[in-house]
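Here is the structure we will look at, set down as structure tokens.
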Amino acid sequence: MKISAATMSLAFQPDFIKKATSSPALAELSKPLPTPVKPPRDPNEEFYRFEESPWLPKNEKGEIDEIYKSLSAEDIKPMRDEFIKNEIKTFQSSICNMFDDFHNFKQQLAYLNPGLAGKHYGFTLSFDENIKITDPDGVLTPAEHTYLTEELNKRKPLKDALITNAKSIMTLLDHYSEKFGTEHTLNLEKFSKVIDYGQVFSRNTIGNFMDTIIYQIERYAPKREVEEEPLVDVHA
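253 is the number that my numbering gives to position 232 of the sequence shown; each next residue is one higher, with no gaps.
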């Protein structure tokens, strides 16, 4: 029988080599690394995240550029005013688009489903970023509620305008303290419990939508935590 050199070398390995190759430490190192645990998703943060002084340019780390930190409040005010002005335009255009789309839907409904034509209902944004039907008077049957939910969610322009408007409300609430105050907070999870566009549209004959939104926030939105500092920008 022939014995190869490789077989001989394995058979006559010194004890310290055998111990090293079979040591628990080496076996531990040979184990596959555990898969990193991903942090849980936070839909609230993904939808809208507070940004300090969004009217000021940021560096690649998301921090305010040093040159702007040395500017006075008087120097920064025009930049903030322009930001707020543009955000108000975003709010107004998105909510007016929603009003027109919802009004057209209700007009069509008079022919497609006459039984719903005389009932009062509204809509809001749900936690899963879909349109959620509101029924403050409790007049809708389960079938009607399902029907309205399905039909309104088919209207992509309405849903897009709703998402834009919701983000705009949160932005103005955080940064337009002269109008919205600093007492309340709002996120995606709480949005459907606070804002009802059916009430906003039905209570406005002159299109003063923002004041009704603020009224709903003051009445239903949670207050900021006592230990939490109001989101008043130090560079405003």
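We treat Cβ as the ideally placed atom computed from N, Cα and C, and that holds for glycine.
Cβ pair residue i, residue j closer than 8 angstroms
i    : j    : result
L130 : L137 : yes
D259 : R176 : Residue 259 is absent from the structure shown; the chain starts at 22 and stops at 257.
E199 : K244 : no
P64  : F104 : no
I85  : L92  : no
G143 : G219 : yes
F120 : F201 : no
E173 : F126 : The displayed chain sequence assigns Leu, not Glu, to residue 173. In contact: L173 and F126 (Cβ atoms closer than 8 angstroms).
N4   : I88  : It is not possible to answer for residue 4, since the shown part of the chain is limited to 22 through 257.
N134 : Y168 : yes
According to DSSP, residues forming a beta bridge with residue i
i    : result
H205 : K244
L77  : Per DSSP, none; premise fails for L77.
T233 : In DSSP, T233 forms no bridge with anything.
T155 : G143
Where residue i sits in the DSSP three-state scheme
i    : result
F37  : Residue placement at F37 is poorly supported in this model, since its pLDDT is 48, which falls under 50; the coordinates still yield a value, given next. Of the three classes helix, strand and coil, the one that applies to F37 here is helix, per DSSP.
T162 : coil
G83  : coil
F71  : coil
I216 : coil
P99  : helix
S114 : helix
P60  : coil
S91  : coil
N107 : helix
P251 : Here the model assigns P251 a pLDDT of 48, short of 50, so the residue's position is not dependable, and the following value carries that caveat. Looking at P251 - three-state DSSP - the assignment turns out to be coil, as it is neither helix nor strand.
E171 : helix
N276 : Residue 276 falls outside the range modelled here, since the chain spans only 22 to 257, and no answer is possible.
I186 : One detail in the question is off: residue 186 reads as Asn in this sequence, not Ile. It is helical.
K180 : helix
Handout entry: Given 8 angstroms, three or more beta-carbon pairs between the stretch 204 to 217 and the stretch 230 to 239
Key = yes
Problem - Given 8 angstroms, three or more beta-carbon pairs between the stretch 204 to 211 and the stretch 58 to 75 - result: yes
Handout entry: Minimum length 3: unbroken beta strand (DSSP E) runs contained in the stretch 126 to 152
Key = 143 to 146
Problem - Meets three-Cβ-pair contact criterion under 8 angstroms: the stretch 102 to 112 and the stretch 179 to 199 - result: yes
Exercise for the section: Report yes or no: do three or more beta-carbon pairs, one from the stretch 176 to 187 and one from the stretch 150 to 158, lie closer than 8 angstroms? Expected result: yes
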